Amino acid sequence: MMDSHHFRALAQEVAALAKSTDKAWRKAVLDVRFSQDRTAWCKKIDVFVEQDRKVSGKMMGWNFDNLLLDLTGTPAPDRYYGVLLAVDRSGSVDVKLDYDPACFDDPTFYD
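Taking my numbering, I'd label the letters of the sequence shown as residues 5 to 115.
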């Protein structure tokens, strides 16, 4: 089961990736969606810079999978299917959980 320490570790990885963009980043957002059987997930990171312009966080060389594996063990009925984790430059972290099992199949996920 995930606790605040797991989310904090994930936020630190997301912030490190944002810093690696060599831009004046303001906020980075990790969006993770899990399949209903928890055997697969999709993920993306958006890094926001001045005037809320979005740049893609390049995930090459960044492997969050070990941290994401911890997310897959959430027992029912508290099971969520999506995590939206935002971290800003000051280190403030906001986590939103998505309990809709269909969120994994969102065709607009990578838009």
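Beta carbons are placed, not taken as given, at the ideal position from N, Cα and C, and that holds for glycine. None of the values given here were measured: they were computed from a predicted structure.
By the three-class DSSP mapping on this structure, what secondary structure does residue i have?
i	result
Asp56	helix
Ala32	strand
Asp123	Because the chain here runs from 5 to 115, residue 123 falls outside it and cannot be looked at.
Leaving aside the five residues before and after residue i along the sequence, list all residues of the same chain whose C-beta is less than 8 Å from its C-beta, in chain order.
i	result
Gln110	Before going further, note that residue 110 is Asp rather than Gln in the sequence given. Arg37, listed in sequence order.
Arg44	Correcting the residue type first, residue 44 is Ala in the shown sequence and not Arg. Excluding sequence neighbours, Ala44 sits near Phe38, Phe108.
Ala28	Val53, Glu54
Gln40	Tyr85, Pro105, Phe108
Assuming contact is defined by CB atoms lying nearer than 9 Å, are residue i and residue j in contact in what I supplied?
i	j	result
Leu117	Val53	Nothing can be reported for residue 117: it is not among the residues displayed for the chain, which extend from 5 to 115.
Asp102	Tyr114	no
Lys48	Arg93	no
In the DSSP output, which residue or residues are listed as bridge partners for residue i?
i	result
Leu89	Leu34, Val99
Val51	Ala32, Val59
Note down, in chain order, each residue of its chain lying with its Cβ closer than 6 Å to the Cβ of residue i, except the 5 sequence neighbours on either side.
i	result
Met64	Below a pLDDT of 50, predicted positions are generally treated as unreliable, and Met64, at 49, falls in that range; no measurement from the model is reported.
Ala19	Val91
Val33	Asp50, Ala90
Lys58	Asp50, Phe52
Give every residue of the same chain whose Cβ lies closer than 7 Å to the Cβ of residue i, excluding the five residues on either side of it in the sequence, and list them in chain order.
i	result
Phe11	Leu89, Val97, Val99
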